[in-house]
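Written below as structure tokens is the structure these notes are about.
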Amino acid sequence: MSVKNPDREAIAHGRITNETIRTKPSVPTWALKITMAITGLFFALFVVGHMAGNLKLYLPAHDGDEALDIYGEFLRDLGAPLIPHGHLLWMIRIVLLACVIAHIYGAFALTARSKQSRGKFKRTNLMGGLDSFATKTMLVTGAVLLLFIIFHLLDLTMGVQPVAPEAFVHGEVKANMIATFSRWPVTIFYVLAMCCLFLHLTHGIRLAASDLGITGAKWRQVFVILAYIIPAVVCIANIVMPLSVALGWVS
């Protein structure tokens, strides 16, 4: 294997140069992969729970209170009275933010190391199809999802204008969803983001199984199935909700 700036005199006398091929990374590659696998699966569980909660959009009101608003108040009351109102929910958001930062750092670090190892040679002989497309676009779909997360927080969590609609009212979850998805550009952006989420989750779940050492044939088949079913269910549900509001099916 070649090295940069080798000791030519040492090589001429049959001795191996003492120069290292690359410097030792501050964070081992295996640690980055495990971090990305764990945070990725955590995100997958989160989006499933988030989707299930948002489906209360279709439930009828109870004693004049919308089911989605009751669910939102339940989340804000988590940990009460031991933990002040809304504090536990923000703690969970901070943990999610830390996971996002760790996930992004791992993605760029592993990509840089991969390019350094390959040098001028590019990856070839990929299988093609959806799997290869998802693999090659992981950074792109990840960037779109990062923009989506920022937009979603400004829109439906904090109500920051002009991202959020003018009718935004804290605590009125269903009304805020109807107001924001009544704007077609926002709905289209959500739909495109969900398509990116499908690609990102599909490849990410399969890769997480490999990085976590799940190599048994049966377990790998289970993860392959889950890698398509979970993203498909989440993305279809998250696409139907904004479209149903934009088309006037929910009001």
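For the sequence shown, the working numbering begins at 103 and goes up steadily by one.
Glycine included, every Cβ here is placed at the ideal spot set by N, Cα and C.
The structure presented is a predicted model; accordingly, all values stated were derived computationally and were not measured.
{"Check": "Take A204 and list the residues in its own chain whose beta-carbon comes closer than 6 Å to its own, dropping the five residues that flank it on each side.", "Outcome": "T137 and T141"}
{"Check": "With Q263 as the anchor, note down where its alpha helix (DSSP H) starts and where it stops.", "Outcome": "No alpha helix (DSSP H) holds Q263; DSSP gives it neither H nor E."}
{"Check": "Excluding the 5 residues preceding and the 5 following I185 in the sequence, name in chain order all residues of the same chain whose CB lies nearer than 7 Å to its CB.", "Outcome": "none"}
{"Check": "Can you tell me where the alpha helix (DSSP H) holding P287 begins and where it ends?", "Outcome": "W286 to D313"}
{"Check": "In angstroms, rounded to a whole number, what distance separates the CA positions of I341 and G166?", "Outcome": "27 Å"}
{"Check": "With DSSP collapsed to three states, give me the class of C167.", "Outcome": "Looking at the sequence provided, one finds Asp at residue 167 rather than Cys. In this structure, D167 counts as strand in the three-state DSSP scheme."}
{"Check": "In the DSSP assignment, the alpha helix (DSSP H) including G244 goes from what residue to what residue?", "Outcome": "M240 to H254"}
{"Check": "With distance defined between alpha-carbon atoms, name the residue in V271, Y160 and L134 nearest to L212.", "Outcome": "L134"}
{"Check": "Taking the beta carbon of I327 as the centre, do at least 16 other beta carbons fall within 10 Å, making it buried, or is it exposed?", "Outcome": "exposed"}
{"Check": "Report the rounded CA-to-CA distance for K238 versus A269, giving the unit in angstroms.", "Outcome": "40 Å"}
{"Check": "Quick one: give me the first and last residue of the alpha helix (DSSP H) that K217 is part of.", "Outcome": "H189 to R220"}
{"Check": "Just to confirm the assignment, what range does the alpha helix (DSSP H) spanning G155 have?", "Outcome": "T131 to N156"}
{"Check": "Enumerate in chain order the residues of its own chain whose CB-to-CB distance from G244 is below 7 Å, with the five nearest sequence positions on each side excluded.", "Outcome": "A209 and H302"}
{"Check": "Indicate whether L255 and V265 have their beta-carbon atoms separated by less than 7 Å.", "Outcome": "no"}
{"Check": "Counting only the same chain and skipping the five closest in sequence on each side, list residues whose C-beta sits under 6 Å from that of L143.", "Outcome": "A310"}
{"Check": "Tell me, to the nearest whole angstrom, how far the beta carbon of F145 is from that of C201; I am working on the premise that it is less than 8 Å.", "Outcome": "7 Å"}
{"Check": "Identify which residue in G151, T131 and G155 has its Cα closest to the Cα of K276.", "Outcome": "G155"}
{"Check": "If we ignore side chains and look at the alpha-carbon of each, how far apart do A339 and P130 end up?", "Outcome": "38 Å"}
{"Check": "Cβ atoms of L314 and A139: under 7 Å apart, would you say?", "Outcome": "yes"}
{"Check": "Can you list, in chain order, the residues of its chain with a C-beta nearer than 7 Å to that of M240? Leave out the 5 residues immediately preceding and following it.", "Outcome": "H302 and H305"}
{"Check": "Who are the near neighbours of W286 in its chain, counting only those whose CB is closer than 7 Å to its CB and skipping five residues on each side?", "Outcome": "A348"}
{"Check": "Straight-line CA distance for P127 to S312?", "Outcome": "22 Å"}
{"Check": "Can the beta-carbon of M343 be found less than 7 Å from the beta-carbon of L159?", "Outcome": "yes"}
{"Check": "Between H272 and the rest of its own chain, which residues show a CB-CB distance below 7 Å, the 5 nearest in sequence each way excluded?", "Outcome": "G261"}
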